[in-house]
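Residue numbers are given in our numbering: position 75 of the sequence shown equals residue 113, and the series is strictly consecutive. Okay, so here's the structure we're looking at.
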Amino acid sequence: VNYGIYENVDKTLPFTLICDRAFLAMKSIRDDYEHQIAFYDDEMRKRHIRNGQMENAFVEAIRNEEFVVYLQPKYSVETEEIVGAEALVRWRRPDGIVVKPEHFLPFYEKNGKIVELDFYVFEQVAVFLEKTKRSGIVPGPVSVNVSALHAEDPQTTQRYLEILQKHGVDPSMIQMELKETDTIRYENIRNLLHSFQQAGFQTALDNFGVGSSFLNLVGEVPLNDVKLGRGFIEKCEKDHRGTAFLKQLIEMLKSLGFQVVCEGVESARQVEVLKNAGCDLVQGNWFSMPLNTKEFENMLSLPGELRCRCREHTEYTAGGKTE
Ligand code: C2E
Ligand code: MG
Numbered sequence: 039v040n041y042g043i044y045e046n047v048d049k050t051l052p053f054t055l056i057c058d059r060a061f062l063a064m065k066s067i068r069d070d071y072e073h074q075i076a077f078y079d080d081e082m083r084k085r086h087i088r089n090g091q092m093e094n095a096f097v098e099a100i101r102n103e104e105f106v107v108y109l110q111p112k113y114s115v116e117t118e119e120i121v122g123a124e125a126l127v128r129w130r131r132p133d134g135i136v137v138k139p140e141h142f143l144p145f146y147e148k149n150g151k152i153v154e155l156d157f158y159v160f161e162q163v164a165v166f167l168e169k170t171k172r173s174g175i176v177p178g179p180v181s182v183n184v185s186a187l188h189a190e191d192p193q194t195t196q197r198y199l200e201i202l203q204k205h206g207v208d209p210s211m212i213q214m215e216l217k218e219t220d221t222i223r224y225e226n227i228r229n230l231l232h233s234f235q236q237a238g239f240q241t242a243l244d245n246f247g248v249g250s251s252f253l254n255l256v257g258e259v260p261l262n263d264v265k266l267g268r269g270f271i272e273k274c275e276k277d278h279r280g281t282a283f284l285k286q287l288i289e290m291l292k293s294l295g296f297q298v299v300c301e302g303v304e305s306a307r308q309v310e311v312l313k314n315a316g317c318d319l320v321q322g323n324w325f326s327m328p329l330n331t332k333e334f335e336n337m338l339s340l341p342g343e344l345r346c347r348c349r350e351h352t353e354y355t356a357g358g359k360t361e
């Protein structure tokens, strides 16, 4: 049983609103098994208003093309050359503020709008790949993040393929990233990964080792790449056991036939550790922050020498105001 309590009642309010506030408090602990009692407070009210605004703003934001795709390059550890990129969504609001996904994706994941948003991001990536193909630039495969909710719809792969056909892009140019935690949770996701691979997409397991990890499942999921979550490389900075563990883990994943990518690489030392551990690809702010598509395209047109050392070129930072 959960209780929601609205104390210090404003008696000028209509009775229904007073009850709503108590219900709001109660709903805030719906998925929380540690608490049975919640008190209504002003932060709750503000969050409720914000969520309402986000709900209403979604259609408008899609229509006004406020969701924009940034691309973060992926580099070969061996050559330090760009070998692909990951598409990351941002919300560029009419006031110029760029909002990071952590502030809106959880909400859209809850109300299911993320499915539409993922297709939207995917189409932007297809447009980008169509454009680069025409100008003879080869960006390497671009990965897109796919929410677990897509596994509910048997038409998902077909819808993605139709978008690609519209823009004349081959599925092998796209990698579908699904989070490890989701893959474990849902049987359907494993089927979705199968159908992605059958359709010619590459697949990747994202945020590997973040939260609880079920190593035995890795061998059962159809994958090309495994992306190690940031925690692994951060641990290496702290103690030598972290480095030894990382090395063994990478060796094991490679022996299973996966390409290993490490995310969130922030220093030359980390790159060195990853090189010694045999990691294949790296992604992180040390090499390049996520860039808008124009910046990424410009970077790809640079001579090889500059392209692989873009961290020294400050003009290629995402820039702008962020929230
Ligand atoms: P992710 O897929 O694990 O993406 C990597 C995140 O790490 C990105 O955060 C990226 O900006 C950040 N990052 C990259 N290099 C560094 C670094 O050196 N240091 C640090 N501290 N962070 C770094 P971002 O863009 O905020 O995205 C967060 C998450 O939102 C993504 O995590 C992904 O799970 C989700 N996401 C982003 N775009 C989409 C989308 O279009 N659809 C779906 N379903 N999820 C998305
Ligand atoms: Mg990802």
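Note that beta-carbon positions come from the ideal geometry of N, C-alpha and C, so glycine has one too.
For glutamate 215, the shortest C-beta to heavy atom distance toward the ligand MG is below 7 Å. Relative to glycine 269, the option among Ser185, Ser173, Leu284, Leu216 whose CA is nearest is Leu284. When Lys49, Arg85, Ile67, Leu294 are compared, the shortest CA-CA separation from asparagine 262 is found for Leu294.
Excluding sequence positions up to five before and after alanine 164, its CB lies within less than 7 Å of the CB of Ile201, Leu202, His205, Val207, all in the same chain and listed in chain order. Of the residues Glu168, Leu312, Glu104, Val259, the one whose Cα lies closest to the Cα of isoleucine 135 is Glu104. Glycine 178 carries a coil assignment under DSSP once its states are collapsed to helix, strand and coil. In this structure, the ligand C2E has no non-hydrogen atom nearer than 7 Å to the beta-carbon of proline 192. DSSP links isoleucine 120 through a beta bridge to Tyr113. In terms of Cα proximity to tyrosine 146, the closest of Glu161, Ile100, Thr281, Ser181 is Ile100.
Along the stretch 258 to 322, the alpha helix (DSSP H) occurs as fully enclosed runs of 4 or more residues at 268 to 276, 278 to 293, 306 to 315, listed in sequence order. Less than 8 Å divides the Cβ of glutamine 321 from the Cβ of glutamate 301. Under the three-state reduction of DSSP, glutamate 45 is assigned to coil, being neither helix nor strand.
When Pro177, Met211, Arg131, Asn330 are compared, the shortest CA-CA separation from glutamate 98 is found for Arg131. Annotation for isoleucine 75: the continuous beta strand (DSSP E) segment containing it runs 75 to 77. With contacts defined by Cβ atoms closer than 8 Å, leucine 312 and isoleucine 271 form a contacting pair. At a cut-off of 7 Å, the beta-carbon of asparagine 262 does not count as near the ligand MG: no heavy atom of the ligand is closer than that.
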